[in-house]
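Scroll down for the structure; my scribbles are underneath it.
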Amino acid sequence: MKKLVTITSLLSVIFFAPLHTAFATDADGNDTPGDWVVTHYKPYGLWDTICDKAIRKGKKVERCYIRYVDVFSPAPKFAAQYVFIEPQGQGYKVEFGIEPGTTFNGASLMVQDGEKIVWDYNPNDCLERGECFLTGNDADIFIQSMADTKSSEPILVSDFNDRHGTDQVLQWGISKFADALEDFQNESDKRGLRN
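Start counting at 1 in the sequence shown, then tack on 39, and there's your number in the working numbering.
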């Protein structure tokens, strides 16, 4: 239940808070949106590149990330999924926000470039752990598969049963993802966040 409350809290902050108080949590995982000040924001279709800063223990902390949030079912049967990408060393950390109770039929998270599936993943494995993260080579492969698409309308597909038992197929456009990634990399490098 805590994970669901966290996703619900996250989405309400993302959609209803002004930009200068964008989504944030402190080092202990507490919601502290008022502590963060947005220093860079640029939308690329429905993908957003965001950088912000806050003071932690007397020191300035900065971060940058790419996000995509899809509230695919409004209240009273609220449901959503999201993707967050942040720097991790020279690479990336990717978080898939998937609500508890969601089930996938095998490799049902995929990058489709025209008629060709260029990446697929079975989120059921990570759902058993309660968190869905990609890091290292796995994150690099996922991100490059989205950035290197050639068709005019490539998509990230999520095919699943939501926590209410409803079949869902989300198709997120990724034609502008390469531009978002370049902006994210440049802004992260300016702040020394990729090393």
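For each residue, glycine too, the CB sits at the ideal point set by N, CA and C. Note that the structure is a prediction, hence the values are computed from the model and not measured.
Can you check which of these residues, the options, is closest to residue i by C-alpha distance?
| i | options | result |
| --- | --- | --- |
| Ser-147 | Asp-87, Gly-97, Val-77 and Leu-195 | Leu-195 |
| Lys-96 | Pro-82, Asp-74 and Leu-166 | Asp-74 |
| Thr-205 | Ala-119, Lys-229 and Leu-220 | Ala-119 |
| Glu-138 | Cys-165, Lys-92 and Gln-183 | Cys-165 |
| Tyr-160 | Glu-154, Phe-172 and Gly-153 | Phe-172 |
| Gln-127 | Asp-177, Asp-152 and His-79 | Asp-177 |
| Glu-154 | Ser-190, Phe-135 and Ile-105 | Ser-190 |
| Ala-114 | His-203, Gln-210 and Lys-98 | His-203 |
| Ser-197 | His-79, Tyr-131 and Phe-143 | Phe-143 |
| Met-185 | Tyr-80, Lys-92 and Trp-86 | Trp-86 |
| Asp-187 | Glu-170, Glu-167, Phe-199 and Gln-151 | Gln-151 |
| Ser-227 | Gly-84, Val-100 and Tyr-83 | Val-100 |
| Phe-216 | His-79, Thr-78 and Tyr-83 | Tyr-83 |
| Lys-132 | Thr-78, Arg-102, Lys-81 and Glu-167 | Arg-102 |
Can you tell me which of the three DSSP states residue i falls into?
| i | result |
| --- | --- |
| Asp-279 | The structure shown does not extend to residue 279, since the chain is modelled only from 40 through 234, so no value can be given for it. |
| Phe-62 | For Phe-62, the pLDDT reaches just 47, beneath the cut-off of 50, and the residue's location in the model is therefore unreliable, leaving the point undetermined. |
| Gly-73 | helix |
| Arg-233 | coil |
Any idea if residue i is buried or exposed, counting beta-carbon neighbours within 10 angstroms, 16 or more meaning buried?
| i | result |
| --- | --- |
| Val-122 | buried |
| Gly-231 | exposed |
| Val-208 | exposed |
| Asp-222 | buried |
| Ile-94 | exposed |
| Ile-124 | buried |
| Glu-170 | exposed |
| Ile-89 | buried |
| Ile-105 | buried |
Write down the C-beta distance between residue i and residue j rounded to the nearest angstrom, noting that I regard them as a contact closer than 8 Å.
| i | j | result |
| --- | --- | --- |
| Glu-192 | Gly-212 | 7 Å |
| Phe-181 | Pro-162 | The pair is not a contact, with the Cβ atoms about 12 Å apart (cut-off 8 Å). |
| Thr-141 | Asp-179 | Incorrect: roughly 25 Å between the Cβ atoms, too far for contact. |
| Val-76 | Lys-92 | 6 Å |
Would you list, in sequence order, the uninterrupted beta strand (DSSP E) runs of no fewer than 3 residues that lie entirely inside the region 158-229?
Correct list: 172-174, 194-200 and 206-212.
Entirely enclosed beta strand (DSSP E) segments - the region 79-155, minimum 3 residues:
Runs found: 86-95, 98-112, 118-127, 130-137 and 142-152.
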